[in-house]
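Enquirer: Residue numbers (the numbering used here), protein chains in the order written: chain A, 1111 to 1232; chain B, 2 to 344. For each residue, glycine too, the CB sits at the ideal point set by N, CA and C.
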Ligand SMILES: [Zn+2]
């Protein structure tokens, strides 16, 4: 668990995705290979825009309600992320911005996992 | 010329009113509000802690200047609520900002003054030409035992300063006054801090701030009239006003920085968020006195002079506008947000 999280820190702590120079598509989470251009593709790492809007969402009711949203960033990249807000606040088309939050912790004496989530633009 | 090249703040969106806390404990809310001068305090969300707050404040500071994060050569994070007892907050901040792997860093702890200590270290390292830019951060999600008097004020927030050359506000002088005064402490493995009640006043807060401010003014030849603004640590709204009066400062010099009434005591960030609110409106050549206080105990005093560079510096959104956006929660949600409900 620790090594697999550690390897992805760079991409979780900020919106570091990949861009195919050949077809112009953006990917988050990052991909090593452009699924459209295959071997002809040219992949580079890029920082994605911080703002976007909610295309669709769902609320997962576990112990506490968790809002999961499909978000379209300002450059058109679509990403799936947790929205850190109360379920009654979320609306389709709502403007959101990326934030740095806790994902969770394994236990009271375990590692704290941090990463990117989104919040409404208040 | 060395000083503040950029600054950023972060205060969580949630608030709890003093009336709501007093309702739960059956106390007289008007007496508490009059006694402390605090009406509501900020509360972090369940997924926020001193680290996430530090990252948000630092991101605002870095985004306001056109620098490559890799030019930041040092990060010092001051807090009394570092999420780990062992494992630095500052490395998480460095990674989130993308500063690379070559930077000097450590976490600092000195109750509510660790953030100003971080500023002094960054200032000295820039002056020694060890680094180009240093990032000094004060951040806290202050804990208080339910029912304790501290519960009415212990709040959450952060402020970050990019220290370097060609600043928007020059650090002209800094001076510290420190002693071994046990007014507030938390022992290992204890979830909540303890305090000396009234002992936190005269021998602690007032003695250290007055001596640091007077020492700075005497050593460098300033009087209270040389400062357009004065910013003090804000454990409540009464202490900073009283210490201002003791030092010869009036309400017109302190009001812009007094955010405690609406956000509570943000500990390591308290005087620093106040300084940011002043920098939001200050004009070139205006001088600011900043004096922090950390229990245990010590005060760091600074004379800060605003430069012409502030004119073109992006200062929106301003601190007072940011803290006016808020969502109220009740005491039950407050307990949940603070992780006090164990399932
Ligand atoms: Zn492609």
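In angstroms, rounded to a whole number, what distance separates the CA positions of residue 51 of chain B and residue 113 of chain B?
Expert: Locating residue 51 of chain B in the second chain gives position 50, counting from the first residue. Locating residue 113 of chain B in the second chain gives position 112, counting from the first residue. Distance between the alpha carbons of residue 51 of chain B and residue 113 of chain B: 13 Å.
Enquirer: What does the alpha-carbon distance come out to for the pair residue 120 of chain B and residue 1227 of chain A?
Expert: In the second chain, the residue the question calls residue 120 of chain B occupies position 119. In the first chain, the residue the question calls residue 1227 of chain A occupies position 117. Cα-Cα distance, rounded: 30 Å.
Enquirer: In this structure, how does DSSP classify residue 252 of chain B when only helix, strand and coil are distinguished?
Expert: For this step, residue 252 of chain B is matched to residue 251 along the second chain. Here residue 252 of chain B sits in helix by DSSP.
Enquirer: Near residue 25 of chain B, what residues of its chain come up, given a Cβ to Cβ distance below 6 Å and the 5 sequence neighbours on each side ignored?
Expert: Mapped onto the second chain, residue 25 of chain B falls at position 24. Within the same chain, residue 25 of chain B has close Cβ partners 332.
Enquirer: Taking 8 Å as the cut-off, is the beta-carbon of residue 277 of chain B closer than that to any non-hydrogen atom of ligand 1?
Expert: Position 276 of the second chain, counted from the start, is the residue given in the question as residue 277 of chain B. Residue 277 of chain B Cβ: outside cutoff for every heavy atom of ligand 1.
Enquirer: What does residue 72 of chain B reach in chain A if we use C-beta pairs closer than 9 Å?
Expert: For the purposes of this step, residue 72 of chain B is taken as the residue at position 71 of the second chain. The contacting residues do not exist; residue 72 of chain B stays about 16 Å from chain A at best.
Enquirer: Apply the 10 Å Cβ neighbour rule to residue 1150 of chain A and answer buried if 16 or more other Cβ atoms are within range, or exposed otherwise.
Expert: For the purposes of this step, residue 1150 of chain A is taken as residue 40 along the first chain, with counting starting at 1. Exposed, because fewer than 16 other Cβ atoms sit within 10 Å of the Cβ of residue 1150 of chain A.
Enquirer: Establish whether the CB of residue 1124 of chain A and some CB of chain B are separated by less than 9 Å.
Expert: Here residue 1124 of chain A refers to the residue found at position 14 when the first chain is read from its first residue. Output row for residue 1124 of chain A: interface = yes.
Enquirer: What residues in its chain sit with their C-beta under 8 Å from that of residue 326 of chain B, if we drop five residues either side in the sequence?
Expert: Walking along the second chain from the start, residue 326 of chain B turns up at place 325. So the list reads 14, once near-sequence residues are dropped.
Enquirer: Counting C-beta neighbours from all protein chains within 10 Å, is the total for residue 191 of chain B 16 or more, i.e. buried, or is it exposed?
Expert: Along the second chain, read from residue 1 onward, the residue named residue 191 of chain B stands at position 190. It is exposed - the Cβ of residue 191 of chain B has fewer than 16 other Cβ atoms within 10 Å.
Enquirer: If we count the other Cβ atoms within 10 Å of its Cβ and call it buried at 16 or more, is residue 1216 of chain A buried or exposed?
Expert: As a working mapping, residue 1216 of chain A is identified with position 106 in the first chain. That one is exposed.
Enquirer: With which residues is residue 135 of chain B paired in a DSSP beta bridge?
Expert: By 1-based counting over the second chain, the position of residue 135 of chain B is 134. Answer is B:75 and B:164.
Enquirer: Determine, using beta-carbon pairs with one atom in the region 142-160 of chain B and one in the region 258-276 of chain B, whether at least three such pairs fall under 8 Å.
Expert: Cβ pair count under 8 Å is three or more, so yes.
Enquirer: Could you name each continuous beta strand (DSSP E) segment of 3 residues or more that falls completely within the region 268-342 of chain B, going from the start of the chain to the end?
Expert: Runs of the beta strand (DSSP E) inside the region 268-342 of chain B: 288-292 and 297-307.
Enquirer: Closer than 7 Å, Cβ to Cβ, to anything on chain B: give me those residues from the region 1212-1225 of chain A, in chain order.
Expert: If the cut-off is 7 Å between Cβ atoms, the region 1212-1225 of chain A has 1212, 1222 and 1224 near chain B.
Enquirer: What does residue 1194 of chain A touch in chain B if you count any residue whose Cβ is under 7 Å from its own?
Expert: Stepping through the first chain from its first residue, residue 1194 of chain A is reached at position 84. What residue 1194 of chain A touches in chain B: 46 and 48.
Enquirer: For residue 1138 of chain A, which residues in chain B fall below 8 Å Cβ to Cβ?
Expert: Position 28 of the first chain holds residue 1138 of chain A. Near residue 1138 of chain A there are no residues of chain B at all, since even the closest Cβ is about 16 Å away, more than 8 Å.
Enquirer: At what residues does the alpha helix (DSSP H) containing residue 1120 of chain A begin and finish?
Expert: Here residue 1120 of chain A refers to the residue found at position 10 of the first chain. It spans 1119-1123 - the alpha helix (DSSP H) in which residue 1120 of chain A sits, taken as one unbroken run.
Enquirer: Residues of chain B with a CB under 9 Å from the CB of residue 1173 of chain A: which are they?
Expert: Start at 1 with the first residue of the first chain, and residue 1173 of chain A comes out as number 63. Here the neighbours are 344.
Enquirer: I need the residues with a C-beta less than 5 Å from some heavy atom of ligand 1; please give them in chain order.
Expert: My final list is A:1130, A:1132, A:1133, A:1144, A:1146, A:1147 and A:1151.
Enquirer: Kindly identify the DSSP beta-bridge partner or partners of residue 174 of chain B.
Expert: Mapped onto the second chain, residue 174 of chain B falls at position 173. According to DSSP, which records beta bridges pairwise, residue 174 of chain B is partnered with B:304.
Enquirer: Report the option in B:150, B:233, B:185 and B:344 whose CA atom is closest to the CA atom of residue 304 of chain B.
Expert: Position 303 of the second chain, counted from the start, is the residue given in the question as residue 304 of chain B. That would be B:233, whose Cα lies nearest to the Cα of residue 304 of chain B.
Enquirer: Tell me whether residue 92 of chain B sits in a helix, a strand or coil according to DSSP, three-state version.
Expert: The residue you call residue 92 of chain B lines up with position 91 of the second chain. Three-state DSSP puts residue 92 of chain B in a helix.
Enquirer: Which complete beta strand (DSSP E) runs does the region 40-72 of chain B hold, if anything under 3 residues is left out?
Expert: List check, beta strand (DSSP E) in window: 41-44.
Enquirer: Looking at the C-beta of residue 53 of chain B, does it have a partner C-beta in chain A at a distance below 9 Å?
Expert: For the purposes of this step, residue 53 of chain B is taken as residue 52 along the second chain, with counting starting at 1. It does; some Cβ of chain A falls within 9 Å.
Enquirer: Taking C-alpha atoms, which residue in B:310, B:137, B:337 and B:324 lies nearest to residue 41 of chain B?
Expert: Position 40 of the second chain, counted from the first residue, corresponds to residue 41 of chain B. Out of B:310, B:137, B:337 and B:324, B:324 has the C-alpha closest to the C-alpha of residue 41 of chain B.
Enquirer: Look up residue 1211 of chain A in the DSSP assignment and give the residues it is bridged to.
Expert: Counting from 1 along the first chain, the entry for residue 1211 of chain A is found at position 101. Note: residue 1211 of chain A sits in a beta bridge opposite A:1225.
Enquirer: Closest by CA to residue 69 of chain B, which one among B:28, B:20 and B:134?
Expert: For the purposes of this step, residue 69 of chain B is taken as residue 68 along the second chain, with counting starting at 1. Checked all of B:28, B:20 and B:134; the closest Cα to residue 69 of chain B is B:134.
Enquirer: Just checking my contact of residue 283 of chain B with residue 311 of chain B at CB under 8 Å: how many whole Å lie between their CB atoms?
Expert: Translated into the one-based positions of the second chain, residue 283 of chain B becomes position 282. Translated into the one-based positions of the second chain, residue 311 of chain B becomes position 310. About 7 Å separates the two Cβ atoms, so the contact holds.
Enquirer: From the DSSP secondary-structure annotation, give me the bridge partner or partners of residue 113 of chain B.
Expert: As a position in the second chain, residue 113 of chain B is number 112, starting the count at 1. DSSP output for residue 113 of chain B lists B:111 as bridge partner(s).
Enquirer: Short of 7 Å in beta carbon distance, which residues of its chain neighbour residue 225 of chain B, apart from the five on each side in sequence? Order them along the chain.
Expert: The sequence position of residue 225 of chain B within the second chain is 224, counting from 1. Closer than 7 Å at Cβ, skipping near neighbours: 248, 249 and 250.
Enquirer: Check for me: the alpha helix (DSSP H) holding residue 216 of chain B runs from which residue to which?
Expert: Position 215 of the second chain holds residue 216 of chain B. Unbroken alpha helix (DSSP H) run through residue 216 of chain B: 208-221.
Enquirer: Mind pulling the chain A residues with CB within less than 8 Å of residue 57 of chain B?
Expert: The residue labelled residue 57 of chain B in the question sits at position 56 within the second chain. Near residue 57 of chain B (Cβ distances below 8 Å), the residues of chain A are 1209 and 1210.
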